[in-house]
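Asker:
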Amino acid sequence: MDASQVDSAIVTPPRRAVFAERILRSQRAQSLAARVAARLLNRPLRLGTRVFAARHAQVRELLCRDLDFIIAPVNEAKIREVNDGAFILGMDRSERLERERRALYAALEAVDLGRLRDGIKADIASVLGAVPAGGEIDIVGGYARPIAARTAQRLFGITGPNERMFMEVVRSVFAHTFLNQADDPAVRDRAIRAGAYMAGWFADEIARRRASGALGDDFMGQLLRQGVLDDDGVRRTLGGMLVGSIDTTATCVAKTLKVAARDPDLLHAMSRDAHDLRRMDGWVNEALRRWPHNPVVLRKAAAACTLGGRAIKAGDSVIAMTQAAMHDESVFPKAARMDPERDRAAYLHMGWGLHPCSGRPVNRFQIPMLVGALLARGVAGVGTVDWVGPFPDRIMARLREGPR
Amino acid sequence: MDSMVTIVAPIREADVPAVEALLDALGNPPNPRIKAALDAALDPDGAGTHFMSMHAIPDGGDAGSGDAGAASIVFEFTADGGADRAVERIAAAIGPDIQPIFERARDWRGNVGLAAYLKNHRIDIGWGLLSPNPGLAHAGTPGMHVGRIRKEAALAQFVAKAVEAGGRGVRPIDRLAAVRKAVAASDEHRWSLEPPPPPLRDARPVNVFALAASFAATYLWPFALLLGAIFLIAWIATGEFGEGVEHFYKGLVVIGLGLLGFAAWAYFTLRKLERTDWTDDRAVRADLLAEMRRRENHYAQNHMVSVTVRKPGLVRWMTIRLIFWVIAQLATNVYRPGFLGNISTIHAARWITVPGTRNLVFFSNFGGSWESYLEDFITRAHGGLTGVWSNSIGFPRSKNLVQDGATDGERFKRYARHSMIPTRFWYCAYPDVTTDHVRANASIRRGLAGALTNDEANEWLALFGSAERPESTLETSEIQCLVFGGLGFMKDGSALFYNLPDDEARARAFVRGLYPHVGFGDGRKLGRDAVLTVALGPGALAKLGLPDECLSGFAAAFLEGMSTEARTRILGDVGRNAPEGWQWGQEPYDLALLAYGYDEDAVALLTDAIGEVARANGIGEPHLIALERTKKPAIEPFGFVDGVSQPVIRGSYQSYRRNDPIHLVEPGEFIIGYPDNRGNFPPEPELSALADPQNRLPIAERSRDFGNSVVEAPRAVGRNGTYLVIRQLAQDVDGFWRYCEEEAERLKDRLPAPYDMTPEYLAAKLVGRWPDGSSLVRNPYYPFPREHEQRIERRSNRENAQGFSDTTAIAAAGEPVGSETVRPDSNPDVGTSIASPPQAGTSGAMPGAAQTDAAPDARRTVPARYSDNDFLYGTEDPQANRCPIGAHIRRANPRDTLAPGDMEQVGISNRHRILRVGRLYRPEPGEQPGLFFMCLNGDIERQFEFIQQTWLISPAFHGLVGEQDPLTSNCDGSGYVMPSHDGPVRLKPLPQFVKTLGGGYFFMPGRSLLAWLAGV
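Top to bottom, those sequences are chains A and B.
Using the working numbering, read the first sequence as starting at 1355 and increasing by one per residue.
Using the working numbering, read the second sequence as starting at 6 and increasing by one per residue.
Okay, here's the thing in structure tokens:
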């Protein structure tokens, strides 16, 4: 394939969503459902073989009781399909999970995140520097997504033949692994094809580094240097991590800005804190409570048990309503109010228990940096969202001020 | 353990001996062929038969079936999978062996086949109104398959050996990793590394509405039907819906009243029967007992079968069902899975009623001996047992169905034995595994595959012969040894203060070099001649890589530092004590190191080693403070025995020797991560799990039997650490005694006998104790008489010679010496014993004083050995005529002063106590001697600073006016009042006797945090 081309077979195509899908993914519907569930579901609710938990304590318990409520039936097969092997987000507690999980976090901890942060800063400056005062920018396709992709390239050590191909591959794999609950065969086929590309890129780069002896000091380099995982294990781990790194970031940035743009007071308050990364992190968490990148987390019951007084049968699907839990007044007092000073530990955006988002050390600064930099330029208006599958793909925003 | 199957086949009474002979052929223990066949009868998923027994039960006397009688073959087994599958499995394995037994049945038809016959004769037991066979079944290890129990037992044996092979000094998580490696290499046990099944969950929370609904559905449904019929009949008959409703309500009232009446009648009838029921005290026949004993105690488990006859009548027909319902609800909703109350030893047990009879048969497969099993019931579950068995003829007399009965232990055991028949055939699938083993082995497997953190690995290791650590039990090997008594047995020492480089790698390298020298643990066996105590300032924690969000969780006082302006006001470090005049500590040091050794050479070797590590990492010379060699007892420079009154941490070695409740405090008062005196866990600094990818730091949450993951929970970095306060305090010894002499001279005629206004007396009034350590409260006019000391010393020597006492163990710096064990047996205040007071001497020294090497200016000839410390100020000296309220030790720990006699007040005072571990510093020529004061705190603000601010230097302490602590305050000219029986005696304003030379707040980390900071 030419270095500038993209394999059209792996590109997630734009399509017109059916009405129900549009309703389900809209901010208002999700927010309403979360608030209603938070108010009404004192006990988990059973609907057929599905059980919904909405209380913060119940969601935490559900996600911590990972031997009762397991993840492998939810994720493992899909991850294996696209990643050519397992990844910890599809594994239940076992010796293998312990070993691979420890290797992942130890390698991540050894990465110089300060340098990564500098890279993001430079990328932001470069992208926003090209937008004049009063100019417009696509805050997903022209901003958050490519910058997150470049961060991923620096972190994971691969670039693909070109940036677009790189992003499309990651998106396709992500779409099937975590979002294809209906098992759409088209989504699956795209992901498997994309996964093959991804595996190849990693395998080539690992082989190249092995051959050169220069293992590097990025995430890949740290994993290779540890020697805990074999090269295939390193590839699987990198693949599993990469999948969620780009579109999660882009979606969070897009949704945060859309939430802010709908509420002028909120936009004003957030803009005041544009340069305060800690406060901006708080604002992002709050905005995402209204419209999270993912409102629920799924598990399967491994055995008959109870949760919050509700009997659960083996094989039931148990749904942790994380967004609703973040409207639980017993943990988020005055939940409708946006307060960037809430306890960070209570947010469930990045999961809870055994399987939180592995990339959260990067998310913690990358998303607030991306949002803060835009707000610092004065966001005068945010357009409608163009979706590609489940992903926000294009949102135009007009910036009031020019580059400084 | 899914199916508890009971099969009952009728036989003629006359055939009982023949069936028994056939059962004997099967054997108990079973003959090897039968056992091998049943052992091998496992489904691919591991489902099999756990326990099996078969009996020929003679007629209980109520069959009414003519000459044939109502004898039965009762075949009971506990198996995995459905009942039909279980029957088929057994029939396939041992069908030819047991068929001859069932061929004796009265209704055996040869053309049906054994499995079908057994299925047809399976009885259902229950407790409902329509249940023909009242009964109840209980499984002790629900959800566990035979295959799993066996595999996990074999795994546990394998792992127990692998655990031992780990070597010494290995972190639990690394030891677990080594075991996993060994398991991974084993073809037989590799399966255990896969995700384990979840643990059985505790009982569901009790839902009263659900219980009420269950009761109504079980027992009240006929009345609901009746009400419905009344409603319909009334409606149809009158054609008026309202009439139907009206009759419904009338019927409801009538039925309700009827039920109440019935219940009252039933209760009073029951009570009447209970008073008159026959009790059977006969002993079991010797030959039967021998038959039973011959079959018992071959395995880790035993089996029993008891046959009794239910008492006749409607009341007993009802109560037996009710008690089964109650026990079933308790087992489901209250007890832990597999437990009956607190009894955990039952593998499988059931009560059944033989169809067509009132024969109540009890089968149990239990761990341990028959004697221990029945003792368990007598002591721990007699209510339930009495509730069931008191419905049988001959049971020891009961009361209100569940009271008395089995509590009459010996009579109950005699009754139980008498009711038993020998178990002629019994099979057990895992003869060496008790229920405790089953549970522990499941935990071992779960932890082997699923423990992710060092804490969990530690708990996992406790499964091998130990037990789960209670939250208040000290992890002594994680706590620096200074906490446990000041290390007074290491007599020489130095304090070194360092600043760390900004470069994190070098800072970590330095701490890494120190790490092997640091002493941890409670006790003297440290295995080396010198040990290091490491205490870190906030600067060190930051330089060593603790992020800001974690640092902010440390105590505010610690983070701000002792020398900040706000804290100097709290501490009274103003005027001559202001940090501007300190020799060190104005700028907080990063690191305080205490190098203690058995002798100077050992200390020198250690400090040289530290210096080398420092130089290797580009760190300059430390600020060094040489410490005096400790002596026993410790005497501070003014000449007073020091360290008499110390809190004792519950759970430390000391607490087992000295446990006066006045001084015993919970670990959380000093050591972070433990419950405090109020039972709370004080907040502690936490670190994100991301910073501890190796999962070695303590976790803020505990895993429950490895069933919930805690790996992402924050790290409790403060655990096993404590805050160390250091202050170097110079003491003006000449000034102190000069003041006392001058005031004694001035006031010599102020008070009548028995007061004797000597310098020593005045000094004691300022301090609150006599120089020998005896208390003013108990010895208001003179020190504890010397002859008493000598007598007690002789006794102590005798005890020492007999090896009873180890006073040296608590003779460390800052330690009391045998204080609580000996009380003065005379109180001079009431004139029972008066010794000659010491005479005033010259040159500021007390009479007969000689310099001792315990303290440079110690002016006491005979150091005290028996300082009393179990007194209460408020109770014994409420008016402070003996020990002034403003005296140093009364201010420092007022005990019950503020609310005389109130132990709650003692508890409140104890919330502010500190653990002193100081020594004397070695003054340079021309310098004043003094204390290198050190104390440990769980909370600097609540403890050290509170004492300093609210008690010691407060001019308004307990209603005093214009006074401050006479020893440690810095306010020249503060007054001092000594109350007496002859009115208050006011001393001249006191000069400042003690000056602060330096100080700082530090944190003494636990082993895990220190290792993390060092990168070890």
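The beta carbon of each residue, even a glycine, is placed where N, CA and C say it ideally should be.
Source: prediction; values computed, not measured.
If you follow the alpha helix (DSSP H) that residue 905 of chain B is part of, which residue opens it and which one closes it?
Answerer: Here residue 905 of chain B is taken as the residue at index 900 of the second sequence, counted from 1. Looking at the DSSP string, residue 905 of chain B is not in any alpha helix (DSSP H), and its letter there is neither H nor E.
Asker: Is residue 548 of chain B near residue 592 of chain B, with beta carbons less than 8 Å apart?
Answerer: The residue labelled residue 548 of chain B in the question sits at position 543 within the second sequence. The residue labelled residue 592 of chain B in the question sits at position 587 within the second sequence. Taking 8 Å as the Cβ cut-off, residue 548 of chain B and residue 592 of chain B do not qualify as a contacting pair.
Asker: For the region 545–576 of chain B, list every residue whose C-beta sits within 9 Å of some C-beta in chain A, in sequence order.
Answerer: From the region 545–576 of chain B, only 554 have a Cβ closer than 9 Å to chain A.
Asker: I'd like to check one pair, residue 1527 of chain A with residue 1545 of chain A: are the Cβ atoms closer than 8 Å?
Answerer: Reading the first sequence from its first residue, position 191 is the one you call residue 1545 of chain A. Reading the first sequence from its first residue, position 173 is the one you call residue 1527 of chain A. A contact, by the Cβ cut-off of 8 Å.
Asker: Compute the distance between the beta-carbons of residue 1664 of chain A and residue 1398 of chain A, then report whether it is under 8 Å.
Answerer: Mapped onto the first sequence, residue 1664 of chain A falls at position 310. Mapped onto the first sequence, residue 1398 of chain A falls at position 44. Contact flag set, yes.
Asker: Among the residues of its own chain, which have a CB less than 8 Å from the CB of residue 1372 of chain A, if the five just before and after it don't count?
Answerer: Here residue 1372 of chain A is taken as the residue at index 18 of the first sequence, counted from 1. None.
Asker: Could you list which residues in chain B have their beta carbon closer than 9 Å to that of residue 1459 of chain A, in chain order?
Answerer: As a position in the first sequence, residue 1459 of chain A is number 105, starting the count at 1. What residue 1459 of chain A touches in chain B: 694, 695, 697, 698, 699 and 700.
Asker: So if I threshold CB-CB distances at 8 Å, which residues from the region 1373–1400 of chain A count as touching chain B?
Answerer: Under the 8 Å Cβ criterion, the region 1373–1400 of chain A contributes no residue.
Asker: Assuming contact is defined by CB atoms lying nearer than 8 Å, are residue 1000 of chain B and residue 889 of chain B in contact in what I supplied?
Answerer: Taking the first residue of the second sequence as position 1, residue 1000 of chain B is located at position 995. Taking the first residue of the second sequence as position 1, residue 889 of chain B is located at position 884. No; because the gap between Cβ atoms is not below 8 Å, this pair is not in contact.
Asker: In chain A, which residues lie with their C-beta within 8 Å of the C-beta of residue 463 of chain B?
Answerer: Translated into positions along the second sequence, residue 463 of chain B becomes position 458. Simply none; closest approach about 15 Å.
Asker: Report the three-state DSSP secondary structure of residue 841 of chain B (helix, strand or coil).
Answerer: Your numbering for residue 841 of chain B matches position 836 in the second sequence. Any reading at residue 841 of chain B must be qualified, since the residue scores a pLDDT of 32, below 50, and its modelled position is unreliable; the value itself is stated next. If DSSP states are grouped into helix, strand and coil, residue 841 of chain B belongs with coil.
Asker: From residue 759 of chain B to residue 494 of chain B, what distance separates their C-alpha atoms?
Answerer: For this step, residue 759 of chain B is matched to residue 754 along the second sequence. For this step, residue 494 of chain B is matched to residue 489 along the second sequence. C-alpha separation (whole angstroms): 41 Å.
Asker: Is there a Cβ from chain B that is less than 8 Å from the Cβ of residue 1454 of chain A?
Answerer: As a working mapping, residue 1454 of chain A is identified with position 100 in the first sequence. No, no contact with chain B.
Asker: So, does the CB of residue 1418 of chain A fall closer than 8 Å to a CB anywhere in chain B?
Answerer: Translated into positions along the first sequence, residue 1418 of chain A becomes position 64. Answer yes: the Cβ-Cβ gap between residue 1418 of chain A and chain B drops below 8 Å somewhere.
Asker: Suppose you measure from the CA of residue 231 of chain B to the CA of residue 1645 of chain A; what does that come to, to the nearest Å?
Answerer: Residue numbering aside, residue 231 of chain B sits at position 226 when the second sequence is read from its first letter. Residue numbering aside, residue 1645 of chain A sits at position 291 when the first sequence is read from its first letter. Cα-Cα distance, rounded: 56 Å.
Asker: Less than 8 Å between the beta carbons of residue 1032 of chain B and residue 744 of chain B, yes or no?
Answerer: Only positions 6 to 1021 of chain B appear in the structure, and residue 1032 of chain B is not among them; the question remains open.
Asker: Which word fits residue 241 of chain B, buried or exposed, when buried means at least 16 other C-beta atoms lie within 10 angstroms of its C-beta?
Answerer: Start at 1 with the first residue of the second sequence, and residue 241 of chain B comes out as number 236. It is exposed - the Cβ of residue 241 of chain B has fewer than 16 other Cβ atoms within 10 Å.
Asker: Do residue 5 of chain B and residue 130 of chain B have their CB atoms nearer than 8 Å?
Answerer: This structure gives no information on residue 5 of chain B, because the portion of chain B shown stretches from 6 to 1021.
Asker: Identify every run of the beta strand (DSSP E) within the region 1451–1493 of chain A, keeping only runs that are complete inside it and at least 3 residues long; order them along the chain.
Answerer: The region 1451–1493 of chain A contains these whole beta strand (DSSP E) runs: 1490–1492.
Asker: In terms of residues, what are the limits of the beta strand (DSSP E) holding residue 312 of chain B?
Answerer: On the second sequence, residue 312 of chain B is found 307 positions in, with the first residue counted as 1. Segment 306–314, the beta strand (DSSP E) holding residue 312 of chain B.
Asker: Within 8 Å of any Cβ in chain B, is that where the Cβ of residue 1713 of chain A sits?
Answerer: What you label residue 1713 of chain A is simply residue 359 of the first sequence in a count that begins at 1. No, residue 1713 of chain A lies away from the interface with chain B (no Cβ there is under 8 Å from its Cβ).
Asker: In terms of alpha-carbon separation, which member of B/930, B/984, B/894 and B/25 lies closest to residue 431 of chain B?
Answerer: Taking the first residue of the second sequence as 1, we reach residue 431 of chain B at position 426. The candidate whose alpha carbon is nearest that of residue 431 of chain B is B/25.
Asker: Going by CA-CA distance only, name the one from B/930, B/945, B/239 and B/41 that's closest to residue 675 of chain B.
Answerer: Along the second sequence, read from residue 1 onward, the residue named residue 675 of chain B stands at position 670. It is B/945 whose Cα lies nearest to the Cα of residue 675 of chain B.
Asker: Just to confirm, are residue 1591 of chain A and residue 1451 of chain A a CB contact at a threshold of 8 Å?
Answerer: The residue you call residue 1591 of chain A lines up with position 237 of the first sequence. The residue you call residue 1451 of chain A lines up with position 97 of the first sequence. For residue 1591 of chain A and residue 1451 of chain A, no; Cβs fall outside 8 Å.
Asker: Ordered along the chain, which non-local residues of its own chain (more than five positions away) have a Cβ less than 8 Å from that of residue 1759 of chain A?
Answerer: Residue numbering for chain A in the displayed model covers 1355 to 1758; residue 1759 of chain A lies beyond these limits and cannot be assessed.
Asker: Would you mind stating whether residue 661 of chain B and residue 941 of chain B have Cβ atoms separated by less than 8 Å?
Answerer: The residue labelled residue 661 of chain B in the question sits at position 656 within the second sequence. The residue labelled residue 941 of chain B in the question sits at position 936 within the second sequence. Going by C-beta atoms, residue 661 of chain B is not nearer than 8 Å to residue 941 of chain B.
Asker: For the region 711–740 of chain B, list every residue whose C-beta sits within 7 Å of some C-beta in chain A, in sequence order.
Answerer: Residues 712, 713, 714, 716 and 717.
Asker: Cα separation between residue 552 of chain B and residue 458 of chain B?
Answerer: Residue numbering aside, residue 552 of chain B sits at position 547 when the second sequence is read from its first letter. Residue numbering aside, residue 458 of chain B sits at position 453 when the second sequence is read from its first letter. Roughly 21 Å between the two C-alpha positions.
Asker: Quick one: what's residue 81 of chain B bridged to in DSSP?
Answerer: Locating residue 81 of chain B in the second sequence gives position 76, counting from the first residue. According to DSSP, which records beta bridges pairwise, residue 81 of chain B is partnered with B/11 and B/58.
Asker: Can you give me the Cβ contacts of residue 1455 of chain A inside the same chain, cut-off strictly under 7 Å, excluding the 5 residues immediately before and after it?
Answerer: Mapped onto the first sequence, residue 1455 of chain A falls at position 101. Hits under 7 Å: 1442.
Asker: What does residue 1421 of chain A reach in chain B if we use C-beta pairs closer than 9 Å?
Answerer: Position 67 of the first sequence holds residue 1421 of chain A. Under the 9 Å cutoff, chain B gives 200, 201, 202, 203, 204, 451, 455, 711, 712, 713 and 714.
Asker: Is any beta-carbon of chain A found at less than 8 Å from that of residue 511 of chain B?
Answerer: For this step, residue 511 of chain B is matched to residue 506 along the second sequence. So no, residue 511 of chain B is outside the interface.
Asker: Is there a Cβ of chain A sitting closer than 8 Å to that of residue 185 of chain B, yes or no?
Answerer: For the purposes of this step, residue 185 of chain B is taken as residue 180 along the second sequence, with counting starting at 1. Interface residue, yes.
Asker: Using three-state DSSP, classify residue 1745 of chain A as helix, strand or coil.
Answerer: Mapped onto the first sequence, residue 1745 of chain A falls at position 391. Residue 1745 of chain A falls in the strand class under three-state DSSP.
Asker: For residue 477 of chain B and residue 671 of chain B, I'd like the C-alpha separation in whole angstroms.
Answerer: Along the second sequence, read from residue 1 onward, the residue named residue 477 of chain B stands at position 472. Along the second sequence, read from residue 1 onward, the residue named residue 671 of chain B stands at position 666. Roughly 8 Å between the two C-alpha positions.
Asker: Listed in chain order, which residues of the region 1440–1451 of chain A have Cβ atoms closer than 9 Å to some Cβ of chain B?
Answerer: For the region 1440–1451 of chain A, which is checked against every Cβ of chain B, the residues closer than 9 Å are 1445, 1446, 1447, 1448, 1449, 1450 and 1451.
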